[in-house]
Amino acid sequence: HHMAAVVETEPELDAFMRYSGEGIPLLLDAGHLAFAGGDVLRAIDNHHRRINHVHVKDVRMDVIEKLDRQKQSFLDAVALGAFTVPGDGSLDFGAIVERLAKYGYEGWFVVEAEQDPRKNPPLKMAQVGYKELMRVMTAAGYTVET
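Residues in the sequence shown are numbered consecutively from 779, following this note's numbering.
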């Protein structure tokens with residue numbers, strides 16, 4: 779699932795997972811699902827068996843709530859700062875990572891955020907995202923090799 783793609787919303791994701799075979803895994807993108815109005819924890823509960831990769835992308839809900847979805851594109855939302863790294867946005871990554879751990883998820887966690895590098899310096903944002911991801915993974919019981 780991804781914004782500006784065939785499967786964007788939680789109901790579309792549910793239908794795709796229902797009608798596709800068990801051999802089709804799910805890359806869960808928390809930020810894109812939240813942007814589309816989905817419930818990330820519910821999606822994990824519903825599809826945890828097929829999640830094989832996770833993008834830990836955060837959102838700025840204050841930016842999203844101000845968007846005029848009839849006039850502004852996904853690219854406009856990116857330029858306005860709708861996305862960010864964990865630790866700089868609105869999602870509860872502690873709860874998200876804990877829920878994944880509960881189901882025994884052992885795949886990749888990838889920090890990602892579409893942002894304007896002039897407003898959000900990439901190195902600084904990578905450091906913020908890394909620090910938050912390590913914090914929530916440790917709290918959820920994961921061990922991380924660095």
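All C-beta atoms in this analysis are idealised placements derived from N, C-alpha and C, irrespective of residue type, glycine included.
Tell me whether R838 is buried or exposed, calling it buried when 16 or more other Cβ atoms sit within 10 Å of its Cβ.
-> buried
What is the DSSP secondary structure of I829, reduced to helix, strand or coil?
-> strand
Runs of beta strand (DSSP E) wholly within the stretch 820-896 (minimum 3 residues, chain order) | 829-834, 886-889
Can you find at least 3 beta carbon pairs, one from the stretch 838-849 and one from the stretch 899-908, that sit closer than 8 Å?
-> no
On the three-state DSSP scale, how would you describe D807?
-> strand
Does DSSP classify Y920 as helix, strand or coil?
-> coil
In the DSSP assignment, find the alpha helix (DSSP H) that holds D792 and state where it starts and stops.
-> 788-797
Check V906 in the structure and name its three-state DSSP category.
-> helix
Out of curiosity, what's the CA-to-CA distance linking L911 and R796?
-> 30 Å
Residues near H871 by beta carbon distance below 8 Å, same chain, minus five either side | The amino acid occupying residue 871 in the given sequence is Phe; His does not appear at that position. Correct list, in chain order: A808, V834, D836, P864, G865, E910, L911, V914.
V784 (DSSP reduced to helix, strand or coil) | coil
Under three-state DSSP, which class holds P900?
-> helix
By Cβ distance below 6 Å, which residues in the same chain neighbour G867 in space, the five residues on each side in sequence not counted?
-> D836, V837, R838
Residue environment, T862, which counts as buried when at least 16 other CB atoms sit within 10 Å = buried
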